[in-house]
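Reading the sequence shown from the start, the letters are residues 1 to 587 in full-length UniProt numbering. The beta carbon of each residue, even a glycine, is placed where N, CA and C say it ideally should be.
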Amino acid sequence: MKFRWNSIFTKLFIAFFLVIIPLYGLGIWSTFIGSDQMRKEVDKSNISKLLFHNNHLEFEMTRISSLITEYSNDYELVGFPTEYPVLSPYEVSVRMNDIHRKLRQVQQSSPYIEDVIYYVPELGKKISALTYISNYENRELQGLLQSRGNLQSSISLYAGSLYYTMSVPYMIDSSMEPNFLLAFKINAKEMIRTLNGFAEAGSGGATLLFGDGMYTLNSQGVSETDIMALLSDDLHETKHLPDDVRRLETENNRIYSINNEEFGIQLAEVIPKSMLRQPIEIYTRWLWIITFFSIFVIVLFSYWIIRLIYKPLGKLTTAFKVVEFGRNGKIRHYRKDEFGFLYTRFNDMLERLHMLIEDNYLQRIRSQDAELKQLQSQITPHFLYNSLFTIKQMAELEDVDGIKEFSGYLGQYFQFITRNAELDVSLKEEVMHAVNYMSLQEIRFAPRISVFYEEVPQSLQRVRVPRLILQPIVENGFEHGLKENKSKGLLSLSFQLQENSATIIVEDNGEGLTDMKLSEIMRMLNDSSLLSTHQEITGLLNVHKRMVIRYGAPYGVSISRSDLGGMRVELKFPLEREETDVPTADC
1 MKFRWNSIFT KLFIAFFLVI IPLYGLGIWS TFIGSDQMRK EVDKSNISKL LFHNNHLEFE
61 MTRISSLITE YSNDYELVGF PTEYPVLSPY EVSVRMNDIH RKLRQVQQSS PYIEDVIYYV
121 PELGKKISAL TYISNYENRE LQGLLQSRGN LQSSISLYAG SLYYTMSVPY MIDSSMEPNF
181 LLAFKINAKE MIRTLNGFAE AGSGGATLLF GDGMYTLNSQ GVSETDIMAL LSDDLHETKH
241 LPDDVRRLET ENNRIYSINN EEFGIQLAEV IPKSMLRQPI EIYTRWLWII TFFSIFVIVL
301 FSYWIIRLIY KPLGKLTTAF KVVEFGRNGK IRHYRKDEFG FLYTRFNDML ERLHMLIEDN
361 YLQRIRSQDA ELKQLQSQIT PHFLYNSLFT IKQMAELEDV DGIKEFSGYL GQYFQFITRN
421 AELDVSLKEE VMHAVNYMSL QEIRFAPRIS VFYEEVPQSL QRVRVPRLIL QPIVENGFEH
481 GLKENKSKGL LSLSFQLQEN SATIIVEDNG EGLTDMKLSE IMRMLNDSSL LSTHQEITGL
541 LNVHKRMVIR YGAPYGVSIS RSDLGGMRVE LKFPLEREET DVPTADC
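Structure representation (structure tokens):
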């Protein structure tokens, strides 16, 4: 091949250098200038992680505080000590068992609650969620009463363990005996496990300080020096950052900390400075290596792009010119690479064009089928990660039966989704798939959302319909209809039979559907040009278009205001007599 100054190779070579060399020069300069910015980003990342764990801890502590307040006013717990003298032994046993069951439920509601203990001085007994019913020594009760406030917060330290306590009635004088004492024992091991989640391999750790360091919980990688730095701000430089976060520098570590005054807790993250510097050093070193290697690659790539692209592309261009003048431009080749694929597809295209000219109607049917498959392929399960997270939560709560039920529905759901070979299914199968999806969502959002569905009428069970037309409508009801409902959400699935057609009705009592939004959705169903600009109802629009392609304009999706208050979606399709068990006229 002859090289010229105006050749493709020369132009590509020069263009690559004109673009890459200034960019790499700018990259090298920005590497040094951007070091400070990278350090700021490291600060932001570490602060974000600290705030995330702090918010999680604060949420759990607030929930525990709310629980102990709520159960301190519980009828059974408050009434038992005063009613005890008039209760029979059997009634006492029943009441104590009921209280134990309540305590057990509270203990299992949070991973940070190790035990819930209910002290009844009148009986000289305590009821524990873990150890059931037993006697206790008076010094144990007095120790818990006297320890309140010793960590300068609602959390107290007694016998090496952390407690939330609430006595009824509340006594300022701890020497006075209450009717009962409710104590939540904090799970220190679970807190340490959470702190260990801060640390990756060799990247420091985290610590929790209670009551100005009177009690600490430490993960791996936290030293006494780090604890002293947190307690003695004057020993090290302290920088105040947003969101009440402090940053302290020790000789080997950087410490980020945040105080929670309500619970008297200080959460701190310890990160070795070597880990902070490592990304910048590695990035700089690799940038220089890539710079010199890229120059070599540019030269090599410029040469090979001529051999691999320019010549084969010229052959394809010539074939197009031949076809443009009406002659046979079929390309003979023996290539098996990407250009071989293009040549083969070009030859196939010529044959298909000839077939299209001869039979336009057949092409129209094929075009509709291709569009149907494209639209059908767009319907994908958007709730996979949420379902897996739900199973994780059930596993943490040891809800074996719930996991079995949820996994069964999830398995049936994906078994149906992955049956790609079938374009049509029976209405019974399609409805069963939608019911599986509704059951999964009902479990996830219980008790906030419930579902109601009718059985498929016998005359409709064998009717063949396009696959995956009902689940997107049901999914739209959950995601956009019931999203704003805080409680008592309802999704309903029912059927209506007409003389030559049937209608599936999906209704919800969603609170966020305004008349303006309803009118806008109705307008979009009648205007296909708006398909790609409104993502909220893409599922409805896709199903509607598939039904229109399949059955014609009289059928498809229509919407209106439901009597329940939300949206009413009607999916109408024709009946084919040979596919039903009972004649349509009997309906």
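Would M191 and L208 be called neighbours here (beta carbons separated by less than 8 angstroms)?
Counting from one through the sequence shown, the residue named residue 191 turns up at place 191. Counting from one through the sequence shown, the residue named residue 208 turns up at place 208. Yes, they are a contact pair.
I need the straight-line Cα distance from D43 to R63, nearest angstrom please.
For the purposes of this step, residue 43 is taken as the residue at position 43 of the sequence shown. For the purposes of this step, residue 63 is taken as the residue at position 63 of the sequence shown. In a straight line, the C-alpha of D43 is about 30 angstroms away from that of R63.
Report the CB separation of N500 from L575 in whole angstroms; it is logged as a contact under 8 angstroms.
Counted from its first residue, the sequence shown places residue 500 at position 500. Counted from its first residue, the sequence shown places residue 575 at position 575. Their Cβ separation, rounded to whole angstroms, is 6 angstroms, which keeps N500 and L575 in contact under 8 angstroms.
I believe E122 touches Y75 by the beta-carbon criterion, under 8 angstroms. Please report the beta-carbon distance rounded to the nearest angstrom.
As a position in the sequence shown, residue 122 is number 122, starting the count at 1. As a position in the sequence shown, residue 75 is number 75, starting the count at 1. At roughly 17 angstroms, the Cβ-Cβ gap does not stay under 8 angstroms, so E122 and Y75 are not in contact.
For the candidate residues T514, S110, Y215, whose alpha-carbon lies nearest to that of E58?
Position 58 of the sequence shown holds residue 58. Closest by alpha carbon: S110.
Please look up how many angstroms separate the CB atoms of G489 and R448, rounded, as I've assumed it's under 8 angstroms.
Locating residue 489 in the sequence shown gives position 489, where the first residue counts as 1. Locating residue 448 in the sequence shown gives position 448, where the first residue counts as 1. Yes, G489 and R448 are in contact; Cβ-Cβ is about 6 angstroms, under 8 angstroms.
Mapping the DSSP letters down to three states, classify A183 as helix, strand or coil.
For the purposes of this step, residue 183 is taken as the residue at position 183 of the sequence shown. A183: strand per DSSP, three-state reduction.
Taking only runs that begin and end inside the region 123 to 175, name each unbroken beta strand (DSSP E) of 3 or more residues, in chain order.
125 to 128, 132 to 135, 155 to 158, 161 to 168
Residues bridged to S450 [DSSP beta-bridge criterion]:
Numbered from 1 along the sequence shown, position 450 holds the residue referred to as residue 450. DSSP output for S450 lists L490 as bridge partner(s).
Considering just the uninterrupted stretch of the beta strand (DSSP E) at P121, what are its terminal residues?
Translated into positions along the sequence shown, residue 121 becomes position 121. Run containing P121: none; DSSP gives neither H nor E here.
Please tell me whether F180 and Y118 are closer than 8 angstroms, where the distance is taken between their beta carbons.
Locating residue 180 in the sequence shown gives position 180, counting from the first residue. Locating residue 118 in the sequence shown gives position 118, counting from the first residue. Yes, Cβ-Cβ distance for F180 and Y118 is below 8 angstroms.
For the candidate residues I305, N347, Y334, whose alpha-carbon lies nearest to that of V322?
As a first step, residue 322 must be located in the sequence shown, where it is residue number 322. Looking at the Cα atoms, N347 is the closest of the given residues.
Is it buried or exposed, I14, if we count other Cβ atoms within 10 angstroms and call 16 or more buried?
Within the sequence shown, the letter at position 14 stands for residue 14. Exposed, because fewer than 16 other Cβ atoms sit within 10 Å of the Cβ of I14.
Per DSSP, V506 forms a beta bridge with which residues?
Here residue 506 refers to the residue found at position 506 of the sequence shown. Paired residues: L493, V569.
Three-state secondary structure (DSSP) of T418:
Against the sequence shown, residue 418 aligns to sequence position 418. Here T418 sits in coil by DSSP.
Distance, Cα to Cα, A446 vs I227?
On the sequence shown, position 446 is the one that residue 446 refers to. On the sequence shown, position 227 is the one that residue 227 refers to. The alpha-carbon atoms of A446 and I227 are separated by roughly 44 angstroms.
Measure the alpha-carbon distance for residue 598 versus Q37 and round it to whole angstroms.
Here the chain has residues from 1 to 587 only, and residue 598 is not among them.
Provide the residue span of the alpha helix (DSSP H) that contains D515, from first to last.
On the sequence shown, position 515 is the one that residue 515 refers to. Note, D515: alpha helix (DSSP H), 515 to 525.
Would you mind giving the Cβ-Cβ distance between L384 and L427, rounded to the nearest angstrom? I have them listed as a contact below 8 angstroms.
Taking the sequence shown and counting its residues from 1, one reaches residue 384 at position 384. Taking the sequence shown and counting its residues from 1, one reaches residue 427 at position 427. Not confirmed; about 26 angstroms, so no contact.
Provide the residue(s) that pair with N218 in DSSP beta bridges, ordered along the chain.
Working through the sequence shown from its first residue, we reach residue 218 at position 218. Answer is T207, bridged to N218.
DSSP state of residue 589, grouped into three classes?
Summary: the structure shown does not reach residue 589, with the chain confined to residues 1 through 587, and so no result is reported for it.
Closest by C-alpha distance to T165, when choosing among L468, S294, L182, V245
For the purposes of this step, residue 165 is identified with residue 165 of the sequence shown, where counting begins at 1. Here the closest residue by C-alpha is L182.
In or out: K11 buried (at least 16 other Cβ within 10 Å) or exposed?
Stepping through the sequence shown from its first residue, residue 11 is reached at position 11. Exposed, because fewer than 16 other Cβ atoms sit within 10 Å of the Cβ of K11.
Could you have a look at L248 and say whether DSSP puts it in helix, strand or coil?
The sequence position of residue 248 within the sequence shown is 248, counting from 1. Three-state DSSP puts L248 in a strand.
Sequence-distant residues of its chain with Cβ nearer than 8 angstroms to N386 (five each side left out):
The residue given as residue 386 occupies position 386 in the sequence shown. Hits under 8 angstroms: R444.
Measuring only the C-alpha atoms, how far is residue 590 from H56?
Past the boundaries of the shown model lies residue 590; the chain is included only from 1 to 587, so the question cannot be answered.
Nearest-angstrom Cα distance between Q498 and P554?
Here residue 498 refers to the residue found at position 498 of the sequence shown. Here residue 554 refers to the residue found at position 554 of the sequence shown. Those two C-alpha atoms are separated by around 14 angstroms.
Exposed or buried, F416, counting other C-beta atoms within 10 Å across all chains shown (16 or more means buried)?
As a working note, residue 416 is residue 416 in the sequence shown. Its Cβ being crowded by 16 or more others within 10 Å, F416 is buried.
Rounded straight-line distance, which links the Cα of E351 to that of G552
For the purposes of this step, residue 552 is identified with residue 552 of the sequence shown, where counting begins at 1. For the purposes of this step, residue 351 is identified with residue 351 of the sequence shown, where counting begins at 1. Going from the Cα of G552 to the Cα of E351 covers about 31 angstroms.
Put residue 612 into one of helix, strand or coil per three-state DSSP.
Because the chain here runs from 1 to 587, residue 612 falls outside it and cannot be looked at.
Using a 10 Å radius around the Cβ and a threshold of 16 neighbouring Cβ atoms, would you call N436 buried or exposed?
As a working note, residue 436 is residue 436 in the sequence shown. Buried, because 16 or more other Cβ atoms sit within 10 Å of the Cβ of N436.
On a CA-only basis, which of S72, Y90, K273, E430 is nearest R167? Give me that one, please.
Translated into positions along the sequence shown, residue 167 becomes position 167. A small correction: the amino acid at residue 167 is Ser; Arg does not occupy that position in the sequence shown. Nearest option by C-alpha distance: S72.
Could you tell me whether the Cβ of L427 comes closer than 8 angstroms to any Cβ of chain D?
Of the protein chains in this structure there is only one, and it is not chain D.
Using 8 angstroms for Cβ pairs, my map puts L248 next to L230. What's the rounded Cβ distance?
Along the sequence shown, one-based indexing puts residue 248 at 248. Along the sequence shown, one-based indexing puts residue 230 at 230. The pair is a contact, with the Cβ atoms about 7 angstroms apart (cut-off 8 angstroms).
Counting C-beta neighbours from all protein chains within 10 Å, is the total for G197 16 or more, i.e. buried, or is it exposed?
Translated into positions along the sequence shown, residue 197 becomes position 197. By the neighbour-count rule (16 or more Cβ atoms within 10 Å), G197 is not buried but exposed.
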